[in-house]
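Working notes, structure below.
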Ligand SMILES: [Zn+2]
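Numbering (the working numbering), first residue to last: 147 to 214.
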């Protein structure tokens, strides 16, 4: 089951929850119980892009001549 990250619009609490099927509609902020939460695209997107530096996006190595 996927784990989604949410951010509460009311109190800025960030939290994660496991969502199964269509259960997403009942997601509430655990802190203030607001339903005004925004789902963030998580986990995958936040990894793997910071190593090696932005100047070397054309290769996957960390020590090629163009990496500086
Ligand atoms: Zn909240």
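Positions of the beta carbon are idealized from the N, C-alpha and C atoms, including for glycine. Predicted model, so just to flag it, every value in this text is computed and none were measured.
Query	Result
Throw me the rounded Cβ distance for the residue 159 and residue 177 pair, which I believe falls under 8 angstroms.	4 angstroms
When DSSP labels each residue in this structure, what does residue 192 get in the three-state scheme?	Model confidence at residue 192 stands at a pLDDT of 45, short of 50, so the residue's coordinates are unreliable; what they give is reported in the following sentence. DSSP places residue 192 in coil when its eight states are reduced to three.
Report, in whole angstroms, the separation of the C-beta atoms of residue 155 and residue 182, which I expect to be a contact under 8 angstroms.	4 angstroms
Between residue 185 and ligand 2, is there a pair consisting of the residue's CB and a ligand heavy atom that are separated by less than 7 angstroms?	Absence of ligand 2 from the depicted structure is noted, with ligand 1 being the only ligands included.
Looking at the strands, I want to know which residues DSSP matches up with residue 179.	Note: residue 179 sits in no beta bridge, so no partner.
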